[in-house]
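**Student:** Residue numbers (my numbering): 13 to 228.
Beta carbons are placed, not taken as given, at the ideal position from N, Cα and C, and that holds for glycine.
The structure presented is a predicted model; accordingly, all values stated were derived computationally and were not measured.
Take a look at the following structure, please.
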Ligand code: PMT
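The following block contains the structure:
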């Protein structure tokens, strides 16, 4: 299968020296890319600004902003999209060409919505007969499965991997993750605390099984 994986944060600049972002390190997404490659798949990784080495045999495209990430994803063909990236939902309404002087800056920042990459791309393929597999993540603070089920429905996904990013050993920057698989049919699978590599292997197995079932 051709896997397309998004990873890391995005940066939304308001001038050449300031941006909005989040603490994603890319570990979860790189683990998915590595696991998919190890299972013999063809893998492209679209990565926001992170300090990780590209897994062996994986093709990597570096991007900065949410709009760059959407453009990169839209250029690629794939059988399974795994969206682990922590995409900034908002960006400054304008980005100044030169560094803003503190005295010239307003106390409030006007923001505009960024495109939802996963929703946009999943909607494009919603009516294809032999559908592609779409897997999203849900980063929540607190019990994540209700929000994840909503995201699964709204974005038309096969699976949402929900994580409580405030739980110990879970979420941003950790080597482990405690996730809940929320399936399109409403089934909920709570997994124990696992390494991100082990979570990634389960995601890749789910994708292969879903694709195989669709082609039977
Ligand atoms: O990178 P690490 O340090 O290893 O941390 C891992 C992680 C915490 C970033 C990861 O496990 C995780 O939860 N990723 C999703 C973070 C997120 O942005 O969640 P969300 O609930 O805001 O978004 C839901 C889904 O829509 C995600 O699949 C996201 O990639 C996608 N999305 C969101 C917004 C947007 N504009 N475009 C999107 O495609």
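#1: Which residues in the same chain have their Cβ closer than 8 Å to the Cβ of residue 112, if we skip the five residues on either side of it in sequence?
#2: Is there at least one non-hydrogen atom of the ligand PMT closer than 7 Å to the beta-carbon of residue 101?
#3: Pair every Cβ in the segment 123-141 with every Cβ in the segment 77-90, then say whether three or more of these pairs are closer than 8 Å.
#4: Say the cut is 7 Å; is the CB of residue 73 nearer than that to a heavy atom of the ligand PMT?
#5: Report yes or no: do three or more beta-carbon pairs, one from the segment 47-59 and one from the segment 104-120, lie closer than 8 Å?
#6: Helix, strand or coil for residue 176 per DSSP?
#7: Would you report the Cα separation of residue 183 and residue 206, rounded to the nearest angstrom?
#8: Excluding five sequence neighbours on each side, which residues of the same chain lie with their C-beta closer than 6 Å to the C-beta of residue 188?
#9: Residue 166 to residue 172, Cα distance in whole Å?
#10: For residue 191 versus residue 152, is the C-beta distance shorter than 8 Å?
#11: What residue does the beta strand (DSSP E) around residue 71 start on, and which one ends it?
**Tutor:** Answer, in terms of the structure:
#1: 26, 27 and 30
#2: Result yes, Cβ under 7 Å from the ligand PMT.
#3: yes
#4: no
#5: Counting Cβ pairs under 8 Å, fewer than three are found: no touch.
#6: strand
#7: 12 Å
#8: 181, 205 and 207
#9: Those two C-alpha atoms are separated by around 11 Å.
#10: no
#11: 71-74
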